[in-house]
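Residue numbers (the working numbering): 321 to 666.
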């Protein structure tokens, strides 16, 4: 169990939405959009916060981690929503936003406020918002995103508890109704509006539900795990229960995050008319350790290469990477061996 959730950390139990890890780890778990909430101290230091709780991680450091990850994963796109900018001085929001934009500019990340050109494809966005190091990332003001926040989607209701078999019926009924309202409509939401939109696939918290959770010595991380919410959402996406997604927001993304990643990628591929039976691939291939040998005839060359194919955890049919390489080369390769990271032949 994550050590954030304990009687010794009561103040954090219902402020921390992700396990103890940096943004790099969250991205490794499948996250591609991050809700970043800056807080400006009167000392000029820009940190993070959630509600009244501040965290000492410096804003420039965590954004730097995102940039480093994006640069190391060419072919991916990371979106950072800048929301709830605040501070402990007069005109806090205005000053916080100004400092945030200054830091983003220094780090080479573009920052957009709406109205802004959001009606572009993912491929166009990756080119438009390319980073100097080769990755792609964009910081977007929260006024560009319809949050679809509904405070009534609670884990703990009078006589109900999302973490128990006997008490979860009402919380889950309300949760699935919310999901259907925002992601299973006949018409695509916000179709004619230049805004992104969220489906918040996690429990919400009021003072009453927090007090009930604290009485159980629980927290956001454990409530997600005990209710198995992320896995249930992934299963329903893959089963075709939802028609539309733009941004899916979850707690504790490293708990079944890879399954959510694959489910959403397959959903998007199906909507685009692309086949999904070859598995869902996230990263490009690295071709390294090339060995060239010129034969005695002076014009024949043999090439031995080590190919590293990065696959998103949770993807299926990894053995078909061999078929992918045959297709790329345009001919069968009878002597091509493919092994996994443990040395097992695929």
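No residue lacks a Cβ here, since even glycine has one placed at the ideal position from N, Cα and C.
Alpha-carbon spacing of residue i relative to residue j, whole angstroms
i           : j           : result
residue 510 : residue 517 : 8 Å
residue 407 : residue 332 : 19 Å
residue 378 : residue 368 : 7 Å
residue 336 : residue 569 : 14 Å
residue 551 : residue 575 : 8 Å
residue 466 : residue 622 : 56 Å
residue 495 : residue 393 : 34 Å
Counted within 10 angstroms of its Cβ, other Cβ atoms place residue i as buried (16 or more) or exposed
i           : result
residue 371 : exposed
residue 381 : exposed
residue 474 : buried
residue 325 : buried
residue 507 : exposed
residue 440 : exposed
residue 583 : buried
residue 540 : buried
For residue i, the residue or residues it bridges with in DSSP
i           : result
residue 526 : DSSP lists no partner for residue 526.
residue 614 : 621
residue 466 : 517
residue 373 : 370
residue 401 : 355, 460
residue 407 : 360
residue 480 : 477
residue 449 : The partner list for residue 449 (beta bridge, DSSP) is empty, contrary to what the question assumes.
residue 569 : 520
Residue nearest to residue i in terms of C-alpha spacing, selected from the options
i           : options            : result
residue 458 : 383, 504, 489, 498 : 383
residue 547 : 502, 397, 489      : 489
residue 363 : 335, 409, 352      : 409
residue 571 : 520, 528, 515, 583 : 520
residue 562 : 549, 591, 423      : 591
residue 565 : 499, 514, 540, 487 : 499
residue 522 : 504, 537, 538, 482 : 482
With three or more beta-carbon pairs closer than 8 Å as the criterion, would you say the stretch 374-394 touches the stretch 338-353?
yes
Say whether the stretch 528-547 touches the stretch 556-565, bearing in mind that this needs 3 or more beta-carbon pairs closer than 8 Å, one atom from each stretch.
no
Could you tell me whether the stretch 356-366 touches the stretch 393-410, where touching means 3 or more Cβ pairs closer than 8 Å?
yes
Please confirm if the stretch 461-471 is in contact with the stretch 443-453, defined as three or more CB-CB distances below 8 Å between the two stretches.
no
Counting pairs of Cβ atoms below 8 Å between the stretch 446-458 and the stretch 477-485, do you hit three or more?
no
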